[in-house]
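Heads up: the sequence shown begins at 261 in our numbering, then just goes up one per residue. Here a beta-carbon is modelled for each residue, glycine too, at the ideal position from N, C-alpha and C. Report on one structure; see the data block that follows.
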Amino acid sequence: MSVTATPASLAPDHHAQFIDLLQTSLDANAFIKLVLAKYVGTEADLQRLIIKQLTVKDQPCLSFVYRYKTRDITKNLPLAEGVATIAALLPASFKNAHLLSLTDEAQLEYSKKGKSSLFKSKPQQLREVPSAEHNREKNRFLDLSRPFLADLGVTNSKHELIPAMSRKWKQINKFIEVFSHALTTSPLALDKPVRVADFGSGKGYLTFAIHDYLRNTLNAEGEVTGVELREDMVTLCNAAAAKLEHPGLVFKCGDVRSVAPSELDVMIALHACDIATDYAIHTGIRSGASIIMCSPCCHKQIRLQIQSPALLKPMLQYGLHLGQQAEMVTDSLRALFLEACGYETKVFEFISLDHTNKNKMILAVKRAEPVDPAQLLVKIQELKDFYRITEHCLETLLRADGYL
261 MSVTATPASL APDHHAQFID LLQTSLDANA FIKLVLAKYV GTEADLQRLI
311 IKQLTVKDQP CLSFVYRYKT RDITKNLPLA EGVATIAALL PASFKNAHLL
361 SLTDEAQLEY SKKGKSSLFK SKPQQLREVP SAEHNREKNR FLDLSRPFLA
411 DLGVTNSKHE LIPAMSRKWK QINKFIEVFS HALTTSPLAL DKPVRVADFG
461 SGKGYLTFAI HDYLRNTLNA EGEVTGVELR EDMVTLCNAA AAKLEHPGLV
511 FKCGDVRSVA PSELDVMIAL HACDIATDYA IHTGIRSGAS IIMCSPCCHK
561 QIRLQIQSPA LLKPMLQYGL HLGQQAEMVT DSLRALFLEA CGYETKVFEF
611 ISLDHTNKNK MILAVKRAEP VDPAQLLVKI QELKDFYRIT EHCLETLLRA
661 DGYL
């Protein structure tokens, strides 16, 4: 089946092309996933629609997962009905669609004035279709044949995963998966360079990965900077970037305070210690980043200030619990400050790093429309008062620049 009829008010070329790509991927058994985002309908708290293929009673169908703020609703439709439903939802209910298949990655976007844009990636050959029966297979957003993986010691000369690097490989893929999903809901357009800064880039695994994903999967121009204090790591990564001929990828020696780009689209700071995370978030906000990805560690500033209510002291006499409380309070305040600055923010557990058993991520995506921060600021102050917190580094930085 192919969908040919579209409302006259749409841009028929982009809408029809996108639906044809979807239908072709289904016909060729190459379909992996479709995400519809930027919801503009009337249902309260509906955030996005995730569509995958399933087999129900020996019949292929499309599974529609309607993702609300606090729940998911799933509806399974026959293929033909599912494709027709998707065609009708664009752009009436959703202004962004991200299609992932074995051979294509395509993104359809509609502006506020209804103008459509369609972006397609270069063909990819090594993706795998998830199991239709269980649909639990983990999609890989990068493949092992990418040259930078061999140069950084993740794979051998035959592009086979080195066993000792299996955890790092999982981390790289999870990072790109999180970034890919954030991109579908962000205001970023891929028809101009995407400016990325990765603070604390280390050996450059994630820096190379996001640059490779932008250029070779999304066919976008990436201007990616890795920032690292250790000069030997900077030299190593710049040599690898030059050897692999990665235009638009550079590494600089410094930290978030000494190397701060004036304009950014994506700000990354994984495993930034204590208030270094606050400086990184502040840099992201100040630079106008559409996506901010942080993985904090150490929460010394708030832990030293917290005066817990008497009722909680028996529970918090144990150092482990006291540290967990400091972490929760610190990162909750960071997320709330991001919300107050116009970001939709999530806090979740990221995949383990080599040097820690747990790894929390704060992911913030700039909203299309600003929000009134007044109520959020009241909640923030109440939380600070409850724990008798006098200063939060991020708040101090934001107030100095007039963001709060």
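Let me check one thing: in DSSP terms, what residues is residue i bridge-paired to?
{"i": "Q326", "result": "Note on identity: in this sequence residue 326 is Tyr, with Gln being the wrong assignment. In the DSSP output, where bridge partners are listed per residue, Y326 has L309, I333."}
{"i": "I622", "result": "C554, V607"}
{"i": "R455", "result": "E483"}
{"i": "F435", "result": "Answer is none; F435 lacks a bridge partner."}
{"i": "T415", "result": "L421"}
{"i": "Q367", "result": "H358, F379"}
{"i": "P320", "result": "T315"}
{"i": "K293", "result": "L360"}
{"i": "E488", "result": "C513"}
{"i": "M527", "result": "A457, I552"}
{"i": "C246", "result": "This structure leaves residue 246 out entirely; the chain is present only between 261 and 664."}
To which residues of the same chain is residue i closer than 7 Å at the C-beta, ignoring the five residues directly before and after it?
{"i": "G462", "result": "E488, M493"}
{"i": "L337", "result": "C321, L322, F324, T345"}
{"i": "R517", "result": "Y539"}
{"i": "T415", "result": "L404, L409, L421, I422"}
If you run the structure through DSSP and keep just helix, strand and coil, what is residue i?
{"i": "E651", "result": "coil"}
{"i": "S550", "result": "coil"}
{"i": "H275", "result": "helix"}
{"i": "F401", "result": "coil"}
{"i": "E481", "result": "coil"}
{"i": "Y299", "result": "strand"}
{"i": "C677", "result": "The structure shown does not extend to residue 677, since the chain spans only 261 to 664, so no value can be given for it."}
{"i": "P338", "result": "strand"}
{"i": "L359", "result": "strand"}
{"i": "P407", "result": "helix"}
{"i": "E642", "result": "helix"}
{"i": "Q584", "result": "helix"}
Take residue i and list the residues in its own chain whose beta-carbon comes closer than 6 Å to its own, dropping the five residues that flank it on each side.
{"i": "D515", "result": "L489"}
{"i": "T616", "result": "In this prediction, T616 scores a pLDDT of 48, lower than 50, which makes its location untrustworthy; no coordinate-derived value is stated."}
{"i": "N498", "result": "F511"}
Report back the beta-carbon spacing between residue i and residue j to the nearest angstrom; my notes put them in contact at under 8 Å.
{"i": "T590", "j": "I562", "result": "4 Å"}
{"i": "D472", "j": "L402", "result": "7 Å"}
Against chain D, with Cβ distances strictly below 7 Å, would residue i count as a contact?
{"i": "K512", "result": "The structure shown contains no chain D; it is built from a single protein chain."}
Could you pull out every residue in the same chain whose Cβ sits closer than 8 Å to the Cβ of residue i, ignoring the five residues on either side in sequence?
{"i": "G508", "result": "P453, H471, R475, E481, G482, E483, V484"}
- [ ] Kindly confirm or deny that the segment 532-551 and the segment 650-658 touch, where touching means at least three C-beta pairs closer than 8 Å.
- [x] yes
| Three-pair Cβ contact test at 8 Å for the segment 523-532 versus the segment 547-558 | yes
Q) Are there three or more Cβ pairs, one per stretch, closer than 8 Å when the segment 459-476 is compared with the segment 426-440? A) yes
Point to revise | the segment 469-487 contacting the segment 562-580, beta-carbon criterion three pairs below 8 Å | key: With the cut-off at 8 Å, the segment 469-487 and the segment 562-580 do not touch.
I'd like to know if the segment 640-650 and the segment 573-593 are in contact, where contact means that at least 3 CB-CB pairs between them fall below 8 Å.
yes
Would you be able to state if there are at least three C-beta pairs under 8 Å between the segment 327-335 and the segment 273-290? no
May I ask you to verify whether the segment 598-611 touches the segment 403-423, counting CB pairs closer than 8 Å and requiring at least 3?
-> no
Three or more C-beta pairs closer than 8 Å, one from the segment 621-632 and one from the segment 573-590: is that the case here? no
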